[in-house]
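Sequential numbering from 61 applies to the sequence shown in our numbering.
From the three backbone atoms N, C-alpha and C, an ideal C-beta is built for every residue, glycine too.
Everything on this sheet refers to the single structure shown next.
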Amino acid sequence: MQATSNETGGVVVEPTPIQPTPRGETALITKFKIKRQQQKTAQIYLQSQYPKSKQIADVVVACVWTAFAIRLFSKIIYAQVMGSYADSVFLILYVACGALLADFLSGMIHWACDTYGTLNTPFVGKTLIRSFREHHVDPTAITRHPFAETVGNSFFVTLPWVATASLIDINSYWFSPLIIFWSVVMFWMAFTNQIHKWAHTYNPPTFVKYLQKSRIILQGKTHNYHHFSPYDRDYCITTGWLNPLFLRLDLWKKMEAIITKYVGTVPREDDSNWTFQDTVAKPETDK
Ligand SMILES: [Zn+2]
Ligand SMILES: [Zn+2]
């Protein structure tokens with residue numbers, strides 16, 4: 061059995077030859093085994109679409125981002141902590157509000173990449189969309205990714221801001237509260253996939269367990285709701301704070317209905333080709 065990407069970026073898995081059913085094996089078990097085999101093939105193919113050039117680019121971006129980020133965030137901490145009492149309180153507010161906004165943005169990006177596009181979508185197909193498809197086919201693959209691969213895309217997207225803001229003089233008019241707030245948002249965005257990785261990690265570091273337990277960052281047990289077919293809920297993966305609200309508002313379904321009505325695009329068409337999850341039962345929702 062072989063998997064390839066067709067001209068629209070969808071997965072094409074060659075049909076598995078029908079094998080005689082072993083004695084005592086039900087049709088359901090056979091179907092399950094075939095599906096597992098198809099998923100394995102899709103998983104290998106998706107991993108192969110992370111070329112050496114992108115691996116090197118991710119390491120370079122991670123190093124450059126870190127250098128600018130140390131400069132920027134040490135300036136922000138210095139300005140806020142060494143300032144008045146109010147400045148320190150504002151820093152806490154920036155971190156909390158920044159986390160909320162980053163959670164919203166993570167939900168929007170995750171939802172868009174899961175729901176639409178293929179591996180052939182310009183700019184984001186082989187980068188963002190590929191990694192989201194791989195994550196549904198093999199949710200634990202992310203825990204085996206090196207740091208640079210985990211944060212590569214988010215560091216790349218936030219790099220222009222982090223680099224530019226780090227060069228602004230701390231005493232200048234331009235180093236305003238808005239610049240500080242947006243820098244904090246960029247920090248949360250940059251580490252969103254690392255937070256997501258920790259949500260899937262069996263035994264994360266102690267400080268991470270504390271942050272998860274305190275609900276400051278995404279918890280594994282609540283994120284698991286996203287990983288049941290058809291992967292249509294709980295898209296927010298920074299803190300997960302907005303997931304219950306969006307579920308109650310039925311936000312994602314409503315947005316999909318509008319897009320289908322006016323554009324005609326079918327939600328998760330490509331994703332369902334990769335995951336072969338059509339027969340998996342949905343869990344009880346806590347709606
Ligand atoms: Zn997803
Ligand atoms: Zn996940």
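Status (buried if at least 16 other CB within 10 Å, exposed otherwise) for residue i
| i | result |
| --- | --- |
| residue 336 | buried |
| residue 250 | buried |
| residue 75 | For residue 75, the predicted structure reports a pLDDT of 46, less than 50, and the residue's modelled location is therefore unreliable. A value from the coordinates is still provided. Exposed, since its Cβ has fewer than 16 Cβ neighbours within 10 Å. |
| residue 344 | The predicted position of residue 344 is uncertain, since its pLDDT is 43 and thus under 50; a value taken from the coordinates is nonetheless stated next. By the neighbour-count rule (16 or more Cβ atoms within 10 Å), residue 344 is not buried but exposed. |
| residue 287 | exposed |
| residue 296 | buried |
| residue 93 | exposed |
| residue 156 | exposed |
| residue 78 | Residue confidence is low: residue 78 scores 48 on pLDDT, short of 50, so the model does not pin down where it sits. Its coordinate-derived value is still stated next. When all chains shown are included, residue 78 counts as exposed. |
| residue 105 | buried |
| residue 158 | buried |
| residue 233 | exposed |
| residue 99 | buried |
| residue 179 | buried |
| residue 318 | exposed |
| residue 243 | buried |
| residue 266 | exposed |
| residue 86 | exposed |
| residue 263 | exposed |
| residue 113 | exposed |
| residue 143 | exposed |
| residue 347 | The predicted position of residue 347 is uncertain, since its pLDDT is 37 and thus under 50; a value taken from the coordinates is nonetheless stated next. The residue is exposed, with fewer than 16 neighbouring Cβ atoms inside 10 Å. |
| residue 339 | Confidence in residue 339 is poor, its pLDDT being 42 and thus under 50, which makes the residue's placement too unreliable to answer from. |
| residue 108 | exposed |
| residue 227 | exposed |
| residue 327 | buried |
| residue 255 | buried |
| residue 88 | exposed |
| residue 274 | exposed |
Contact under 8 Å by Cβ, residue i with residue j
| i | j | result |
| --- | --- | --- |
| residue 223 | residue 133 | no |
| residue 278 | residue 261 | no |
| residue 305 | residue 163 | no |
| residue 122 | residue 211 | yes |
| residue 291 | residue 331 | yes |
| residue 189 | residue 181 | yes |
| residue 197 | residue 334 | yes |
| residue 281 | residue 203 | no |
| residue 293 | residue 271 | no |
| residue 312 | residue 221 | no |
Nearest residue (CA-CA) to residue i, options the options
| i | options | result |
| --- | --- | --- |
| residue 175 | 183, 193, 160 and 162 | 193 |
| residue 349 | 229, 228, 170 and 253 | Not covered by the structure: residue 349. The range shown for the chain is 61 to 347. |
| residue 245 | 108, 217 and 232 | 217 |
| residue 230 | 131, 90 and 325 | 131 |
| residue 154 | 328, 248, 121 and 269 | 248 |
| residue 237 | 100, 114, 97 and 137 | 137 |
| residue 240 | 281, 326, 88 and 141 | 141 |
| residue 215 | 294, 118 and 146 | 118 |
| residue 285 | 276, 269, 259 and 309 | 259 |
| residue 186 | 227, 213, 206 and 165 | 213 |
| residue 120 | 322, 171, 151 and 207 | 207 |
| residue 115 | 135, 102, 205 and 90 | 205 |
| residue 325 | 177, 219 and 195 | 177 |
| residue 195 | 283, 323 and 149 | 283 |
For this session: Give, in chain order, every unbroken run of the beta strand (DSSP E) that is at least 3 residues long and sits entirely within the stretch 261-330.
Result: none
For this session: Only counting runs of 3 or more residues, tell me where the beta strand (DSSP E) segments fall wholly within the stretch 152-236, in order along the chain.
Result: none
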